[in-house]
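*Asks:* In order, the protein sequences belong to chains A and B.
Number 324 in my numbering belongs to position 324 of the first sequence; there are no gaps in the numbering.
Number 246 in my numbering belongs to position 246 of the second sequence; there are no gaps in the numbering.
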Amino acid sequence: MEIRTFEIEPFTKEPYRLLDEEGKPLFDFEPEDFGLSKEFLLRLYKDILITREIDRMGWILVRQGKAYFYISIGGQETSHVASLYSLEKDDLVMPFYRTVPSLHVRGAKLEEIFAQIMGRASDPLKGRQMPGHFGKKDLNIFVLGSPVGLGHPVAMGVAMGIKYKKENKVIISYGGEGSTSEGHFHSAMNFASVFGLPLIIFIVNNQYAISVPRVKQTASETIAIKAKAYGAEGYYIDGNDALITYLVTKKCVNEARLNKRPFLIEAETYRFDPHSSADDDKKYRSREELEMWKRKDGLLRLKKYLEYLGIWNEEKDEVLKREIEEKLNKIVEEVEKIPFPEPRDMFYEVYVKTPWYLEEEYLELKKEMEE
Amino acid sequence: MAKMTIGEALRNALDIKLYEDERVLVFGEDVGKKGGVFTITEGLQDKYGEERVFDTPLDENGILGMAAGLALYGLRPVAEIQFIDFIWPGFDILISDIAKERFRSGGQFSVPLVIRSPYGGGVKGGLYHSQSPEAIFAHIPGLKVIIPSNPYDAKGLLISAIEDEDPVIFLEPKKIYFAFKEEVPEEKYTVPIGKAKVLREGKDLTIISYGYMIHECKKAVEELEKEGISCELIDLRTIIPFDGETILNSVAKTGRVMIVVEAPRINSFASELSAFISERAIFYLDAPVVRVTGFDTPFPYVLENIYMPSQKRILRACKKLLEGGF
Numbered sequence: 001m002e003i004r005t006f007e008i009e010p011f012t013k014e015p016y017r018l019l020d021e022e023g024k025p026l027f028d029f030e031p032e033d034f035g036l037s038k039e040f041l042l043r044l045y046k047d048i049l050i051t052r053e054i055d056r057m058g059w060i061l062v063r064q065g066k067a068y069f070y071i072s073i074g075g076q077e078t079s080h081v082a083s084l085y086s087l088e089k090d091d092l093v094m095p096f097y098r099t100v101p102s103l104h105v106r107g108a109k110l111e112e113i114f115a116q117i118m119g120r121a122s123d124p125l126k127g128r129q130m131p132g133h134f135g136k137k138d139l140n141i142f143v144l145g146s147p148v149g150l151g152h153p154v155a156m157g158v159a160m161g162i163k164y165k166k167e168n169k170v171i172i173s174y175g176g177e178g179s180t181s182e183g184h185f186h187s188a189m190n191f192a193s194v195f196g197l198p199l200i201i202f203i204v205n206n207q208y209a210i211s212v213p214r215v216k217q218t219a220s221e222t223i224a225i226k227a228k229a230y231g232a233e234g235y236y237i238d239g240n241d242a243l244i245t246y247l248v249t250k251k252c253v254n255e256a257r258l259n260k261r262p263f264l265i266e267a268e269t270y271r272f273d274p275h276s277s278a279d280d281d282k283k284y285r286s287r288e289e290l291e292m293w294k295r296k297d298g299l300l301r302l303k304k305y306l307e308y309l310g311i312w313n314e315e316k317d318e319v320l321k322r323e324i325e326e327k328l329n330k331i332v333e334e335v336e337k338i339p340f341p342e343p344r345d346m347f348y349e350v351y352v353k354t355p356w357y358l359e360e361e362y363l364e365l366k367k368e369m370e371e
Numbered sequence: 001m002a003k004m005t006i007g008e009a010l011r012n013a014l015d016i017k018l019y020e021d022e023r024v025l026v027f028g029e030d031v032g033k034k035g036g037v038f039t040i041t042e043g044l045q046d047k048y049g050e051e052r053v054f055d056t057p058l059d060e061n062g063i064l065g066m067a068a069g070l071a072l073y074g075l076r077p078v079a080e081i082q083f084i085d086f087i088w089p090g091f092d093i094l095i096s097d098i099a100k101e102r103f104r105s106g107g108q109f110s111v112p113l114v115i116r117s118p119y120g121g122g123v124k125g126g127l128y129h130s131q132s133p134e135a136i137f138a139h140i141p142g143l144k145v146i147i148p149s150n151p152y153d154a155k156g157l158l159i160s161a162i163e164d165e166d167p168v169i170f171l172e173p174k175k176i177y178f179a180f181k182e183e184v185p186e187e188k189y190t191v192p193i194g195k196a197k198v199l200r201e202g203k204d205l206t207i208i209s210y211g212y213m214i215h216e217c218k219k220a221v222e223e224l225e226k227e228g229i230s231c232e233l234i235d236l237r238t239i240i241p242f243d244g245e246t247i248l249n250s251v252a253k254t255g256r257v258m259i260v261v262e263a264p265r266i267n268s269f270a271s272e273l274s275a276f277i278s279e280r281a282i283f284y285l286d287a288p289v290v291r292v293t294g295f296d297t298p299f300p301y302v303l304e305n306i307y308m309p310s311q312k313r314i315l316r317a318c319k320k321l322l323e324g325g326f
């Protein structure tokens, strides 16, 4: 089968897309033309759907008082899942706090993701960070901190390590459009271009950094065009179009792997929920705007496309949703039985060997707790 | 045994680690061809190539980000910040990422890196090339902070720092980079992190210091000795984790303590040591713990000689302390 080459240029003013808002192809093509099998598209859809369901469960857990806090991915799952699909197993991921529910596509167990959200002892991070800061070394997923943009220069350093070790890998670093306002973004792009590093900075432009809209974040025409200043290429894509997101990210990943140079991708999308469970989005955006973006939902769009291809229908969708819901309920029930971390855990892993004064502080706490 | 300055001993330590461990990478601004503004990395690029010893863009945030990522990925970066006064653009990476990585990842990841940097006054560097911010780093859980005062310790501690699994801030007192030579073994050796050194035994007074200030303290101690006053001089060497045991043993012996640092007084590491001694050894004390420090002003340019604690100021404070005048 001949795979159609995908002709795109960097620095466009309009985002690239292959599907319209109704999930119809914008021109005459078959998924196989781009090397995409129907099985692949079904798998992609199922992972986007489960990501949305994990997210829904996150909000429920906060309302039930089973999690202290939640930070959502709802509305932008397509951009995360489809881009993660473009990586090989050995490639590395620097997530950001909204990436987390989609990390199950890299092999993160749902039990671990919920243990992190609920801060249980089985959380790989031992309950030390707020929900949404997941990472797992054996899955090549790093652990991020909360300050926005922090991951980009660190990912750049990892990319330098890949180059130094002469490995055939890439690292993808996720961030919102707000992260491009930080100096971290500049440092990462500048160093990665100067040193020629296999780094993909994937910007999930969900239109708001908490309450500050994109237009107050930057005056540049697009986020992607910023790459030009660093001597790199930047691609502006519709992040709610799973096909284009996968194909463009794959193209950048392949070129970064082969030619050791960085790429910037801006995926335009929207967050349906408030910034976090501690936010009220009614203060800064209209319900009309929200409804408009809900019509552009990537999950819905891919579902319609699969229906258009004749490989999915409403009945199958309902069955799958029920299965996922039952699975998640069961997992949450099991995770709830797991205890919180021990007080002693707080004093470990500040340093590789716990210093004398931390041992003493633990003994003080222990006495206090025994009294 | 060769005689080396602190600067030469540091270069020798980097040479040894670059030679024996391919994971060691040395980088920063001007460290390549130029060999660093203080020539500490001179000749290393010629010997080990541009892949292992290289210049970076002028961006401390990028330098620290690169170091953090390399360490996360199993390498042993030794990043140079040209003057410690310039580290602040990279402070977010340092405080939010490097220092917390092991803890926040539940022990999955570590960042074994060294950030080397000239620090302190005395070279007419003005207020942006002379600061002593060790207490700021010491306040951040997860970082280790080292300040040597002599060539032997400088080499042994730097090798220990590169081999350490935790991130280390290695501060090099620039005034004494090339001020004097001492015998230093040419082969590899280490000096343990977290151990102070009693430079001189005494019974009347304990003086605790580190870095360049050790040398002003030494002069003061010699003067006092002429007057029959016996001082115990402790070189702390590692700020975090500091050696509490050596300090308390000395306090129990002398009953009087003076701490000498270049940094401004308020919230200096001298303040931490003073509080530590007051909490744990108050009944051994015959007088309050005294801090001799820089003033709580930005570091001055022309007036640096009267800003930095000198033999004279230390001597005056010692006498006052011994007379119970504080």
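Where a beta carbon is used, it is the ideal one built from N, C-alpha and C, also for glycine.
In this text, all values refer to a predicted model and were calculated from it rather than measured experimentally.
#1: On the DSSP bridge assignment, give the partners of A:N205 in chain order.
#2: What residues of chain A sit near B:P141, judged by a beta carbon separation below 8 Å?
#3: At 4 residues or longer, what runs of the alpha helix (DSSP H) sit wholly inside the segment 215 to 261 of chain B?
#4: With distances taken between CB atoms, is the gap from A:I223 to A:E177 smaller than 7 Å?
#5: Hey, quick one: how far does the alpha helix (DSSP H) through A:M292 stretch, first residue to last?
#6: Would you kindly work out how many angstroms separate the C-alpha atoms of A:S83 and A:E333, rounded to a whole number?
#7: For A:A209 and A:P10, I'd like the C-alpha separation in whole angstroms.
#8: Compute the Euclidean distance between the alpha carbons of A:L309 and A:S86, then round it to the nearest angstrom.
#9: Can you pull the chain A residues whose beta carbon is under 8 Å from the beta carbon of B:D21, in chain order?
#10: Of all Cβ atoms in chain B, is any one closer than 7 Å to the Cβ of A:Q129?
#11: Assign A:E360 to one of two classes, buried (16 or more other C-beta atoms within 10 Å of its C-beta) or exposed (fewer than that).
#12: So that I know if they touch, is there some Cβ in chain B lying closer than 7 Å to that of A:G183?
#13: Thinking C-beta only, is B:A161 closer than 7 Å to B:L113?
#14: On a CA-only basis, which of B:K320, B:G244, B:Y210 is nearest B:L199? Give me that one, please.
#15: Three-state secondary structure (DSSP) at A:I60?
#16: What is the C-beta distance between B:V31 and B:R52, in whole angstroms, given that I count them as a contact (C-beta under 8 Å)?
#17: Got a sec? Which residues, its chain only, sit under 7 Å from A:Y284 by beta carbon, not counting five neighbours each side?
#18: Kindly indicate if chain A contains any beta-carbon less than 7 Å away from that of B:Y210.
#19: Could you check what DSSP says for B:D286 in three-state terms: helix, strand or coil?
#20: Rounded to whole angstroms, what's the CA-CA distance from B:G324 to B:Y307? Just pull it up for me.
#21: Buried or exposed, going by whether 16 or more other CB atoms sit within 10 Å of the CB of B:N150?
#22: Compare the Cα-Cα distances from A:R98 to each of A:D91, A:E77, A:F114 and report the closest residue.
#23: Are there 16 or more other CB atoms within 10 angstroms of the CB of A:W356, so buried, or fewer, so exposed?
#24: Note down the Cα distance separating A:G239 from A:L302, rounded to an integer number of angstroms.
#25: Compute the beta-carbon to beta-carbon distance between B:S250 and B:E232, rounded to the nearest angstrom, for a pair I have assumed lies under 8 Å.
#26: Which whole-angstrom value describes the C-beta separation of B:P309 and B:E262, a residue pair presumed to lie in contact below a C-beta threshold of 8 Å?
#27: Cα separation between B:D296 and B:G120?
#28: How is the beta strand (DSSP E) around A:Y235 delimited, first residue to last?
#29: When the Cα atoms are used, what is the spatial distance from A:H184 to A:H152?
#30: Can you find a CB in chain B that lies within less than 7 Å of the CB of A:P124?
#31: Can you have a look at B:Y128 and say buried or exposed, based on whether 16 or more other CB atoms are within 10 angstroms of its CB?
#32: Would you identify the three-state DSSP class for B:S105, choosing helix, strand or coil?
#33: Suppose only complete runs of 4+ residues qualify. What are the alpha helix (DSSP H) ranges in the segment 28 to 110 of chain A, listed by chain order?
#34: So, for B:I277: in the same chain, excluding its five sequence neighbours on each side, which residues have a beta-carbon less than 6 Å away from its beta-carbon?
#35: Using C-beta distances below 7 Å, list every residue in its chain close to A:D317, excluding the 5 sequence neighbours before and after it, in chain order.
#36: Kindly give me the distance between the Cβ atoms of A:Y362 and A:I8, rounded to whole angstroms, as I take these residues to be in contact under 8 Å.
*Replies:* With the given structure in hand:
#1: A:E268
#2: V350
#3: 244 to 254
#4: yes
#5: 287 to 294
#6: 31 Å
#7: 25 Å
#8: 22 Å
#9: What B:D21 touches in chain A: nothing, since even the nearest Cβ is about 13 Å away.
#10: yes
#11: exposed
#12: yes
#13: no
#14: B:Y210
#15: helix
#16: Rounded, the Cβ-Cβ distance is 11 Å, inconsistent with contact.
#17: S211
#18: no
#19: coil
#20: 25 Å
#21: buried
#22: A:E77
#23: exposed
#24: 12 Å
#25: 5 Å
#26: 7 Å
#27: 15 Å
#28: 233 to 238
#29: 6 Å
#30: yes
#31: exposed
#32: coil
#33: 38 to 63, 77 to 84
#34: V251, V257, V289
#35: K303
#36: With 8 Å as the limit, A:Y362 and A:I8 do not qualify as a contact, their Cβ atoms being about 57 Å apart.
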